[in-house]
Amino acid sequence: MKTAQAIYEDGGHKWYAIVRDTSRPNYLVDTNEYLIVAGDDAILLDPGGSEVFPAVFSALSTAFDPRRVSKLFASHQDPDVISSLSMWLEFNPDIKCYLSWLWASFVPHFGGDGDTFVSIPDGGMDIIVGSQRLQAIPAHYLHSSGNFNIYDPKAKILFSGDVGAALLPPGEDGLFVENFDRHIRHAEGFHRRWMGSERAKRDWCARVSQLDIEMMCPQHGAIYRGEDVRRFIDWFAHLEVGALKS
Amino acid sequence: MKPGHGAGGELRRIVRINEEIKSVVATAFKINLMAMNAIFLAKRAGQNALGFGVLSNELRRFATDLQQQMTVLREMTYGSVAIVTGLLKQTQLNRVLERVRAEAVGEGRKLIDEFLLNHAEAMLRHQERIAALNRRLTQMIADTAQLVELGSVLARSAKIEAAYGGGFSSSLMQVSSDFEQTIGDIQHSLESLTKHQFQESTE
Ligand SMILES: [Fe+2]
Ligand SMILES: [Fe+2]
Chain A
193 MKTAQAIYED GGHKWYAIVR DTSRPNYLVD TNEYLIVAGD DAILLDPGGS
243 EVFPAVFSAL STAFDPRRVS KLFASHQDPD VISSLSMWLE FNPDIKCYLS
293 WLWASFVPHF GGDGDTFVSI PDGGMDIIVG SQRLQAIPAH YLHSSGNFNI
343 YDPKAKILFS GDVGAALLPP GEDGLFVENF DRHIRHAEGF HRRWMGSERA
393 KRDWCARVSQ LDIEMMCPQH GAIYRGEDVR RFIDWFAHLE VGALKS
Chain B
5 MKPGHGAGGE LRRIVRINEE IKSVVATAFK INLMAMNAIF LAKRAGQNAL
55 GFGVLSNELR RFATDLQQQM TVLREMTYGS VAIVTGLLKQ TQLNRVLERV
105 RAEAVGEGRK LIDEFLLNHA EAMLRHQERI AALNRRLTQM IADTAQLVEL
155 GSVLARSAKI EAAYGGGFSS SLMQVSSDFE QTIGDIQHSL ESLTKHQFQE
205 STE
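Line by line, the protein sequences are chains A and B. Take the working numbering: the final residue in the first sequence is number 438, and no numbers are missing along the way. Take the working numbering: the final residue in the second sequence is number 207, and no numbers are missing along the way.
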């Protein structure tokens, strides 16, 4: 089973990281899900694949009443991000899924109907959860052509989806990045191969550099804190991407 | 389980049970703290509160047992989530197969019919697993109710002992009333738990 760990807490405003599925078969890539709670309302970021639904659902239930999760956010269309959608809908048919307009007619192949999806325009939008205003920040082509991050200006946390992702070997899978240089080796191959556009990468680096970020939370791997956020953005800015090397 | 409401309803029922378990866990934690305070209080009251001290110790053990029982119950509900998810997937597959069947003709139709037959058996086995888990859950809830009954007896006895507490009598009385009330809360939660357990997965 996974565990839900609180990574930010200020009264009724909380962030939980749902991480490290010990029972996951190793043919599935490990994913992090994040739950943002604002009072009685909550949004689940990148809910995960249908295979990990029981682990995510059970871990989430330890921290929060899942009946009050009213929104899902899918950074992009990948199966490890949103193929559990149909299960969430069986549990709560009224749940809304925020997603790039680009995928609004593709993801319903996983489940849902015309009422399920809220399309996010390319420029991004605000998403209100309880009394908190979250921002969907464009991160297109990193790696998906319709891709968003979520920024919580009060918590100063950026959910970065596949950006910042690392495929960590067993034994080096702590929740937080402790040694940037050591950690980033596990992120390099992924970013070179999955990220397709230099220009999009530069845009993203410029955009998130404007934000005040204390924690950057990727969908795979460990969370960057404090100075490591800046280190990651610099590292990424200088990394060559979108080049298939033999 | 009624087929019309299916796995989604079953999942919602599990969540209702789990939320009730969470509230019992929180209360058991409270009782544990209260019992520790009561033990200290009994020590300060000395000779007059020997019986009260023994009962406080018992109440503390009761709280620990209850917490353990709840951990087992909780693990059982997580096990149910996995099984119900499996049923959910099969239900979804079934829907697709039924649609295929409606359009299939000739040899294809025959194959689908056969497939659906096997599939129905698999679904049945799944539902049996859920039923077995539910029986175990019911048994566990009944055991817990018995444990809580014991806690309630302990709290009542503490109240009687408090009367002999001399100068500490009124504060001991206060503590034992708090016990009684808190255990009453647990009994209430258990009643709702039992109600959810026997509820059909209809809303
Ligand atoms: Fe992806
Ligand atoms: Fe991913």
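C-beta: ideal position from N, C-alpha, C; glycine also.
Of the listed residues the options, nearest to residue i (C-alpha basis)
i: A198 of chain A; options: A:S215, A:R216, A:T214, A:V229; result: A:V229
i: M38 of chain B; options: B:F202, B:E125, B:F172, B:V179; result: B:V179
i: L227 of chain A; options: A:E243, A:D257, A:Y219, A:L220; result: A:D257
i: K93 of chain B; options: A:P285, A:N284, A:S276; result: A:S276
i: Q1 of chain B; options: B:K26, B:E111, B:G110, B:R99; result: This structure does not reach residue 1 of chain B, given that chain B is present from 5 up to 207, and the question cannot be answered.
i: R103 of chain B; options: B:V88, B:G110, B:L120, B:S181; result: B:L120
i: F283 of chain A; options: B:V88, B:S161, B:L101; result: B:V88
i: A49 of chain B; options: B:F172, B:E195, B:D182; result: B:F172
i: L359 of chain A; options: A:D305, A:L334, A:W386, A:I405; result: A:W386
i: A328 of chain A; options: A:G353, A:G204, A:A255; result: A:G353
i: R384 of chain A; options: A:E432, A:G316, A:G304, A:K194; result: A:E432
i: A159 of chain B; options: B:Q96, B:L141, B:N36, B:G83; result: B:N36
i: D395 of chain A; options: A:D426, A:D213, A:K288; result: A:D426
i: T95 of chain B; options: B:T68, B:G83, B:Q131, B:V109; result: B:Q131
i: E243 of chain A; options: B:R20, B:T68, B:A86; result: B:A86
Distance between beta carbons of residue j and residue i, contact taken as under 8 Å
i: V261 of chain A; j: L236 of chain A; result: 5 Å
i: T223 of chain A; j: Q402 of chain A; result: Rounded, the Cβ-Cβ distance is 28 Å, inconsistent with contact.
i: R64 of chain B; j: M40 of chain B; result: 7 Å
i: T31 of chain B; j: D189 of chain B; result: 6 Å
i: I134 of chain B; j: L91 of chain B; result: 7 Å
i: F351 of chain A; j: D420 of chain A; result: With 8 Å as the limit, F351 of chain A and D420 of chain A do not qualify as a contact, their Cβ atoms being about 16 Å apart.
i: G356 of chain A; j: M408 of chain A; result: 6 Å
i: G55 of chain B; j: I43 of chain B; result: So it is not a contact: roughly 13 Å between Cβ atoms.
i: H378 of chain A; j: G413 of chain A; result: 7 Å
i: G231 of chain A; j: S323 of chain A; result: 6 Å
i: A392 of chain A; j: H332 of chain A; result: 6 Å
i: D344 of chain A; j: L367 of chain A; result: D344 of chain A to L367 of chain A, Cβ: 18 Å. No contact.
i: L137 of chain B; j: M80 of chain B; result: 7 Å
i: G241 of chain A; j: E225 of chain A; result: With a Cβ gap of about 10 Å, G241 of chain A and E225 of chain A do not count as contacting.
i: R259 of chain A; j: D365 of chain A; result: Rounded, the Cβ-Cβ distance is 31 Å, inconsistent with contact.
Burial state of residue i, where buried means 16 or more other Cβ atoms lie within 10 Å
i: W207 of chain A; result: buried
i: A196 of chain A; result: buried
i: V248 of chain A; result: buried
i: K263 of chain A; result: buried
i: R16 of chain B; result: buried
i: Y200 of chain A; result: buried
i: W280 of chain A; result: buried
i: F298 of chain A; result: exposed
i: H430 of chain A; result: exposed
i: G12 of chain B; result: buried
i: Y219 of chain A; result: exposed
i: Q73 of chain B; result: buried
i: G170 of chain B; result: exposed
i: A106 of chain B; result: exposed
i: H335 of chain A; result: buried
i: L115 of chain B; result: exposed
i: V76 of chain B; result: exposed
i: W293 of chain A; result: exposed
i: F66 of chain B; result: buried
i: F202 of chain B; result: exposed
i: P361 of chain A; result: exposed
i: S215 of chain A; result: exposed
i: E111 of chain B; result: exposed
Contacts of residue i in chain A (Cβ-Cβ under 7 Å)
i: N22 of chain B; result: S253
i: L92 of chain B; result: M279, E282
i: A86 of chain B; result: P246
i: T89 of chain B; result: F245, P246, M279
i: Q96 of chain B; result: S278
i: V104 of chain B; result: Those within 7 Å of V104 of chain B in chain A number zero; the least Cβ separation is about 16 Å.
Per-residue contacts from residue i into chain B (C-beta, under 7 Å)
i: F283 of chain A; result: G12, L15, R16
i: M193 of chain A; result: Y82
i: F249 of chain A; result: V85
Interface partners of residue i on chain B, CB under 9 Å
i: S297 of chain A; result: Result: empty, since nearest Cβ-Cβ is about 19 Å, beyond 9 Å.
Under 8 Å from the C-beta of residue i: neighbouring residues of chain B
i: P258 of chain A; result: V19
Residue ranges of each beta strand (DSSP E) within the region 211 to 262 of chain A, 3 or longer = 225 to 230, 233 to 237
What are the start and end residues of each continuous alpha helix (DSSP H) run of 4 or more residues lying completely inside the region 355 to 429 of chain A, in chain order?
-> 372 to 386, 390 to 401
Counting only runs of 3+ residues fully inside the region 155 to 189 of chain B, write out the beta strand (DSSP E) ranges in chain order.
-> none
Residue ranges of each alpha helix (DSSP H) within the region 41 to 119 of chain B, 4 or longer | 54 to 107
Completely contained beta strand (DSSP E) runs for the region 287 to 369 of chain A, where each covers 3 or more residues | 288 to 292, 309 to 312, 317 to 321, 324 to 330, 340 to 344, 349 to 353
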